[in-house]
Amino acid sequence: MSFISSQKKDLFVHGVFLIVGASGIIILTLIFLFLILEGLPIFDVVSVRDFVLGKEWYPTDINPDYGILPLIAGSAGVVALSSAMAIPLGVFSAIYLAEIAHPKTRAVIKPIVELIEGLPTVVIGFFGMVVVAPLLQELFDLGTGLNMFNASIMLAFMAVPTITSISEDAIYSVPRHMKEGSMALGATHWETIARVIIPASLAGISTAVVLGIARAIGETMVVLMVAGGAAMVPESIFDPVRPMPANIAAEMGNVPFRSDHYHALFAIGLVLFVFTFLFNLLASYLSERHKQVGAATL
Amino acid sequence: MKRILVMIAFLLMGFSLGPLPAMAGELKINGSTTVLPVTQVVAEAFMKDNPGFNFSISGGGSGRGITALIDGTTDIAQTSRWIRDSEVKMAVENGIYPVPFVIAFDSIIPVVHPDNPVDELSLEELRKIYNGEITNWSEVGGPDRRITIISRDSDSGTYVVWGDKVLKGDRMTPRAQMLASNGAIVQAVQDNRHAIGYIGLGYLTDRLKSVKVDGVQPTSTTTASGEYPVSRSLWLITNNWPSGDVLRFINYIQHPDNAHLIEEGGYVPIW
Amino acid sequence: MRSNFVRRRNQFIAFSIFRMAIFANVLALAVFLGFIAINGASAISWEFLTEYPRRSMTEGGIWPCIVGTVYISLGSILVAFPLGVGTAIYLNEFSGGGRWTRLIRMGIINLAGVPSVVYGLFGLAFFVLYLNMGVSLLAGSLTLGAFILPLIIGSAEEALRNVPQSYREASLALGATKWQTIYKMVLPAALPGMLTGMILGVSRAAGETAPIMFTAAVFYTGKIPTSIFDEIMAMPYHIYVLATAGTHIDQTRHLQYGTALTLMFLVLGLNLAAIIVRNRLQKRL
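Top line first, the protein sequences correspond to chains A, B and C. The first sequence maps to residues 1 to 298 in my numbering. The second sequence maps to residues 1001 to 1271 in my numbering. The third sequence maps to residues 2001 to 2285 in my numbering.
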C-alpha cells in the first residue's frame, strides 16, 4: 500500500467517524423536529395561551378542551415536593460519604446508593402502588393512597442517588489543603464542612440538584402508576394528580393516530422536552462554572 | 407440565418445519379493553381447536381499534361502543366498509366498598357525583366523608357510554381518578372504603358491592331484558363481510356452544 | 467564640443528621428489595419462567416476556454500540475540540436528559409511523438504542481516555497511520471498558418501559417473535399492564411480583457484572 493511499484511507475513516459522531446531534434534532411536526398542528385547534393556561383537559369530549394547566401543576407539584425530600437527603448522604464515612464504609455504601439509579422505574412504581399506597391510605386516613405525596416519595427515592453521586464527587474533590487549613485554625470538622467544604463545592452540588430535578420532571412510570391520574390542580399534597409524562403515557396508547388528541399529546411532549432541556442547560452552565472555580483554587 | 413440554416441542417442530398447511393462520384484533377478556378467552379456545393458529390481541381502546381497522393494520376491531359517523366516513374514504357484529351484552354498574352503607343511587345522584356537584357521601345517605371518584380513562368505550347514559352530556369532575381498566377499578374500590367506581357487569366480585340504579339491581337478567338503564352491546367490526379466518372466528365467537366462553369473559351472551 | 461544648454538640447533631440520611437511603433500598424478593420468590418456578401466559394471563408464565426483553435489549445495543463507540472515537481521537465538538457534546448531554416518554413519542412518530415499521421489535430496538446512546458514548469515551497517550505516540512513531493506531492499539486497550458500558446499556434497556410502550410492546401475543417486524411482550411493560390495566389484578398479583423479581434479577445481575468487569480492569491498569 502506497503512502498516499493510506493517507486517503485515513481521510475516509475520518469522514466516516465524523458522520457517526454526529449521530447524537442528529437524533436530538430528529426528536425535536418530530415533536414540532406532530405537536404544532394542535395549535390550529387551540391557541398556545389556551393550551398552556387552560384548566380543562377533556381531550375526548365531543367538544374537546385541551388545557394542560392541571397537568403542568401536577408535574410542578410532584417535582417540588420530591425535591424537598430528595435534596436534603441526597446532599446529606453525599456529605456523609465524602467527609465522615470511613473509606471502607464509603467503598461499600456508595455503590449501593448508586445501585438505586439502575433499578427499573416500573418496579419502583409497582412498589408505590402495592405497598406504599395502602400504607398511606391507612396511616393518614386518606381518600386515596395514590396521590402527589406518594409519587413524590417514589420520585425522591429515584432522584437521591443522582444527587448523592454527583455531589459526593464535588465534595470529595475539594482540595485537601483547604480542609486542613481550616482545621489547623481550630475549626471543628463540622465547622469546616459548613464554612469551607460546602461553599467550595456548591457549584457541583447545584449541578447535582438540577440534574436530579430534571430526572424527576421527565420520569414517567412512577407518576403514571402512583400519582393517581386526576387531571386537577392540586389543593393538598394528598390530592391525586396527573403529571405531564403520566398523561402522555396513559393516553398515547389509546388515541387514533394523527387526531387532534394525538397532536395535543405531542405538544405536551414538546413542553416537557423544553423544560428538561432548560434544566440540562442550567446544569451544564453550573458544571462549567464549577470547573472554573476548581481551577482558580488550585 | 409434561403436556406443556410436548406442546412446546410440537410448536418448535412446527416452526422448524414451517407453518402447518391449512391450519396455520394469524388474526390481529385491536381495540377495547372491555371486550379484550372475551376475545382473549375465545382466542385461547380457538387456538386449542386449531393448533398452529395464532392471535395478536391488543387493547388500545375502542377508538384505536377502529382507527387500526381503517388503516388496515388490524383484521378485527373490538369495540364497546357504536362506531361514530365520522369514523364511518373516514373508513369509506379509505375504501374500508365496516361491518359490526354483536358478540355480547354488558351493563355498566356503579360499585362501592362492601362497608359502604349506600345501597341505592338514582341516575340523577350518580350524575351529580360524577359531575362534581355531590362531593360527600352524607349527601346520598352515607357517612360524612369525601367521595373518592374513580373513572375509566377518557378514551375507553366504557367512559363514553357512562358519559352518555349517566352524565348526559355533563363533564366529569377533574377530581376523578382515571384508571386504565375494569380490573384496576375493581382493585381500587375494593381497597378503598370511600370510593365509587363503575365497571362492566362481569367484573363484579364479592369484595365489591353493586349499587342499585333507580331501584333496579344490575344482573344478567335485567341486562338482557333492558330494565337496567346503563347497558350496551359489545362489538366486533370487520372490513367488509368477513371471509376465511375472520369469518371462522366470528362464527366461533357467536356460536351458542361457545356462550359459556362469553360468560367466562364476564359478559351476557347473545343467546 | 462559643464554648467547645456547644461546638462539639453542634457537630454531633449535624453528623447524626447526615448518618440518618444515608441510613434512610439504605433502609429504603433494603425494604424495597426485600419486599420484591420475598413476594416474588414464591411466584417464581421453572414453569413460571418457561411457560406462556394462560387464562387471560392469570396463570402460566412469562416466557414470551423474557424472550421479548432479551431480544429488544440486544437489538438496542446492536444499534447503540457501534454508534456510541464511533462517536466516542471521533470525540476522543479525531476531533480537535473546536466548535463542532462542543456542539456534539452539548447534543449528547441534552440527549441524556430527554425524558423516556419523549423517546417513546419520537419512536412512535418517526419509526412506527413515518418510516412505517409498525409496532415492532425493530422500531422498539431503534427507539431504545437512541435512549441508551448517551450512556454508551460516555462509557466508551472514558475507556478511550484511560488508554495511555504513550500507546498512541509509540504506534504513530513506528509509522502507523492514525486509523491503524486506533484499530490495532487503542481499541483493544479500551475494549474492556467499553464492554462495561455495553453491559450497563443492556441493563438499562431491559428495565425501561416508556420508550417501548408505543413502539414495540403489546399486551398479549401468543408467539415468540420470528421477525424484526413482530410485536413483542416485554417484562417491564408486562408488570405495568398487569398492575394497572389487567382484567384480574388480584389474581395476577403473584405474577406481577414474579415478573418484577425476574426483571430486577436481570437488571441488577447485569449491573453487578459491569461492576466486576470494571473492577478487574481497574486492578489491571
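For each residue, glycine too, the CB sits at the ideal point set by N, CA and C.
Partner residues on chain B for residue i, Cβ-Cβ distance less than 7 Å
i: E2231 of chain C; result: S1056
i: H2238 of chain C; result: The contacting residues do not exist; H2238 of chain C stays about 13 Å from chain B at best.
i: K2223 of chain C; result: N1054
i: T60 of chain A; result: S1154 and D1155
Residue environment, residue i, which counts as buried when at least 16 other CB atoms sit within 10 Å
i: M1023 of chain B; result: Bear in mind that the predicted position of M1023 of chain B carries a pLDDT of just 46, short of 50, making it too unreliable to give a figure here.
i: P1143 of chain B; result: exposed
i: H1255 of chain B; result: exposed
i: A184 of chain A; result: exposed
i: L1017 of chain B; result: Residue placement at L1017 of chain B cannot be trusted, given a pLDDT of 36 that sits under 50; the coordinates are not used to answer.
i: R215 of chain A; result: buried
i: R1146 of chain B; result: exposed
i: R2054 of chain C; result: exposed
i: I2062 of chain C; result: buried
i: K2178 of chain C; result: buried
i: E2157 of chain C; result: buried
i: E2208 of chain C; result: buried
i: K1048 of chain B; result: exposed
i: P2064 of chain C; result: buried
i: F2122 of chain C; result: buried
i: I2013 of chain C; result: exposed
i: R2102 of chain C; result: exposed
i: R2278 of chain C; result: buried
i: N280 of chain A; result: buried
i: S2201 of chain C; result: First, the amino acid is wrong: residue 2201 of chain C is Gly here, not Ser. Label assigned to G2201 of chain C: buried.
i: R2105 of chain C; result: buried
i: F1010 of chain B; result: No answer about F1010 of chain B holds up, because its pLDDT of 40 lies below 50 and its placement is not dependable.
i: F2048 of chain C; result: buried
Neighbour list for residue i in chain A, Cβ cutoff strictly below 7 Å
i: L2103 of chain C; result: I25
i: T1148 of chain B; result: G143 and T144
Chain B contact residues for residue i, given Cβ-Cβ distances below 8 Å
i: T2259 of chain C; result: Going along chain B, no residue has its Cβ under 8 Å from T2259 of chain C, so there is no contact; the nearest lies around 16 Å.
i: G2134 of chain C; result: T1073
i: P41 of chain A; result: Within 8 Å Cβ-Cβ: nothing; P41 of chain A doesn't reach chain B, min ~17 Å.
Within chain C, the residues that residue i reaches when beta carbons sit closer than 8 Å
i: G1321 of chain B; result: What is shown of chain B runs 1001 to 1271, which leaves residue 1321 of chain B out entirely.
Proximal residues of chain C, C-beta to C-beta of residue i below 9 Å
i: T1033 of chain B; result: F2219, A2245 and T2247
beta-carbon residue i near the ligand SAH non-hydrogen atom, thresh 7 Å
i: S47 of chain A; result: Questions concerning the ligand SAH fall outside what the structure shown contains, since it holds no ligand whatsoever.
Proximal chain B residues relative to residue i, where beta-carbon distance stays under 9 Å
i: V255 of chain A; result: G1060, G1061, G1063, R1064, T1067 and D1155
i: D50 of chain A; result: Within chain B, no residue comes near D50 of chain A; the closest Cβ sits about 16 Å away, beyond 9 Å.
Closer than 7 Å at the beta carbon, the chain C residues around residue i
i: M158 of chain A; result: Chain C residues near M158 of chain A: none, gap ~11 Å exceeds 7 Å.
i: Y96 of chain A; result: F2018, R2019, A2021 and I2022
Chain A contact residues for residue i, given Cβ-Cβ distances below 9 Å
i: H1113 of chain B; result: Near H1113 of chain B there are no residues of chain A at all, since even the closest Cβ is about 12 Å away, more than 9 Å.
i: D1191 of chain B; result: A133, P134, Q137 and G145
Exercise for the section: Would you check if the segment 1061-1071 of chain B and the segment 1031-1039 of chain B touch, i.e. whether three or more CB-CB distances between them fall below 8 Å? Expected result: Short answer: they touch.
Exercise for the section: Indicate whether the contact test is met: 3 or more Cβ pairs, each with one atom in the segment 2234-2250 of chain C and one in the segment 2035-2052 of chain C, closer than 8 Å. Expected result: Verdict: no, contact absent.
Problem - Under 9 Å (Cβ pairs) to chain B, residues found in the segment 2033-2056 of chain C - result: Within the segment 2033-2056 of chain C, the qualifying residues are W2046, E2047, T2050, E2051, Y2052, R2054, R2055 and S2056.
Practice task
Could you name each continuous beta strand (DSSP E) segment of 3 residues or more that falls completely within the segment 2117-2168 of chain C, going from the start of the chain to the end?
Solution key: Those beta strand (DSSP E) runs which fall completely within the segment 2117-2168 of chain C and span 3+ residues do not exist here.
Handout entry: Contiguous beta strand (DSSP E) assignments of at least 3 residues, all confined to the segment 2168-2212 of chain C
Key = For the segment 2168-2212 of chain C, not a single whole beta strand (DSSP E) run of length 3 or above is found.
Exercise for the section: Inspect the CB distances between the segment 47-66 of chain A and the segment 2127-2137 of chain C and report whether three or more fall short of 8 Å. Expected result: The segment 47-66 of chain A vs the segment 2127-2137 of chain C: no contact.
Handout entry: the segment 244-252 of chain A contacting the segment 2082-2099 of chain C, beta-carbon criterion three pairs below 8 Å
Key = The segment 244-252 of chain A, when compared against the segment 2082-2099 of chain C, does not touch it at the 8 Å Cβ threshold.
Exercise for the section: Determine contact between the segment 30-37 of chain A and the segment 253-260 of chain A, defined as no fewer than three beta-carbon pairs at a distance below 8 Å. Expected result: No, the segment 30-37 of chain A does not touch the segment 253-260 of chain A.
Practice task
Residues of the segment 1153-1184 of chain B with a CB closer than 8 Å to any CB of chain C: list them in chain order, please.
Solution key: Here the close residues are L1179, A1180, S1181, N1182, G1183 and A1184.
Practice task
Please list the residues of the segment 8-24 of chain A that have a C-beta atom closer than 7 Å to any C-beta atom in chain C, keeping them in chain order.
Solution key: For chain C, the residues of the segment 8-24 of chain A that bring a beta carbon within less than 7 Å of one of its beta carbons are K9, D10, V13, H14, F17, L18, V20, G21, A22, S23 and G24, in chain order.
Practice task
Pair every Cβ in the segment 1078-1091 of chain B with every Cβ in the segment 2243-2259 of chain C, then say whether three or more of these pairs are closer than 8 Å.
Solution key: By the C-beta criterion, the segment 1078-1091 of chain B is judged not to be in contact with the segment 2243-2259 of chain C, since fewer than 3 inter-stretch pairs fall below 8 Å.
Exercise for the section: Using a Cβ-Cβ cut-off of less than 9 Å, list which residues of the segment 66-88 of chain A approach chain B; keep chain order. Expected result: Flagged, chain order: P70.
Exercise for the section: Give, in chain order, every residue of the segment 247-279 of chain A whose Cβ lies closer than 7 Å to some Cβ of chain B. Expected result: Hits within the stretch, in order: A250, E251, G253, N254, V255, P256 and F257.
Exercise for the section: Please name the residues in the segment 218-237 of chain A whose beta-carbon is closer than 7 Å to at least one beta-carbon of chain B, in chain order. Expected result: Per Cβ criterion, the list reads G228, G229, A230, A231 and M232.
Exercise for the section: Pull out every residue of the segment 1076-1101 of chain B whose Cβ sits closer than 9 Å to any Cβ of chain C, in chain order. Expected result: For the segment 1076-1101 of chain B, the beta-carbon criterion of a distance under 9 Å to any beta-carbon of chain C is satisfied by none of its residues.
Exercise for the section: Check distances from the C-beta atoms of the segment 1208-1237 of chain B to those of chain A and list, in chain order, the residues that come in under 7 Å. Expected result: For the segment 1208-1237 of chain B, the beta-carbon criterion of a distance under 7 Å to any beta-carbon of chain A is satisfied by none of its residues.
Exercise for the section: Compile a chain-ordered list of the residues in the segment 2173-2187 of chain C whose CB is closer than 7 Å to at least one CB of chain A. Expected result: Hits within the stretch, in order: T2177, K2178 and W2179.
Handout entry: Cβ pair count under 8 Å reaching 3, the segment 75-87 of chain A against the segment 2205-2219 of chain C
Key = Touching, no, given that fewer than three Cβ pairs across the two stretches are closer than 8 Å.
Handout entry: Secondary structure, alpha helix (DSSP H): runs of 4+ residues fully inside the segment 2034-2097 of chain C
Key = If one requires a minimum length of 4 residues, the alpha helix (DSSP H) runs lying completely within the segment 2034-2097 of chain C are 2046-2050 and 2063-2089, in chain order.
Problem - Runs of alpha helix (DSSP H) lying entirely within the segment 80-124 of chain A, each at least 4 residues, in chain order - result: Entirely contained in the segment 80-124 of chain A, the alpha helix (DSSP H) runs reaching 4 residues are, in chain order, 103-117.
Exercise for the section: Within the segment 1073-1155 of chain B, note down every full alpha helix (DSSP H) run reaching 4 residues or more, in order along the chain. Expected result: Counting whole runs of 4 or more residues, the segment 1073-1155 of chain B contains the alpha helix (DSSP H) stretches 1085-1093 and 1123-1131.
Handout entry: Within the segment 7-67 of chain A, ranges of the alpha helix (DSSP H) (whole runs, at least 4 residues)
Key = Runs of the alpha helix (DSSP H) inside the segment 7-67 of chain A: 23-39 and 48-53.
Exercise for the section: Decide if the segment 2068-2080 of chain C is in contact with the segment 2141-2150 of chain C; the criterion is three or more beta carbon pairs, one per stretch, under 8 Å apart. Expected result: The count of Cβ pairs closer than 8 Å, one atom from the segment 2068-2080 of chain C and one from the segment 2141-2150 of chain C, reaches three, so the stretches are in contact.
Exercise for the section: Would you be able to state if there are at least three C-beta pairs under 8 Å between the segment 1264-1271 of chain B and the segment 111-122 of chain A? Expected result: Contact between the segment 111-122 of chain A and the segment 1264-1271 of chain B is absent, because fewer than three Cβ pairs lie under 8 Å.
Problem - At least 3 beta-carbon pairs within less than 8 Å: the segment 1087-1095 of chain B vs the segment 1169-1187 of chain B - result: Taking 8 Å as the limit for Cβ pairs, the verdict is that the segment 1169-1187 of chain B does not touch the segment 1087-1095 of chain B.
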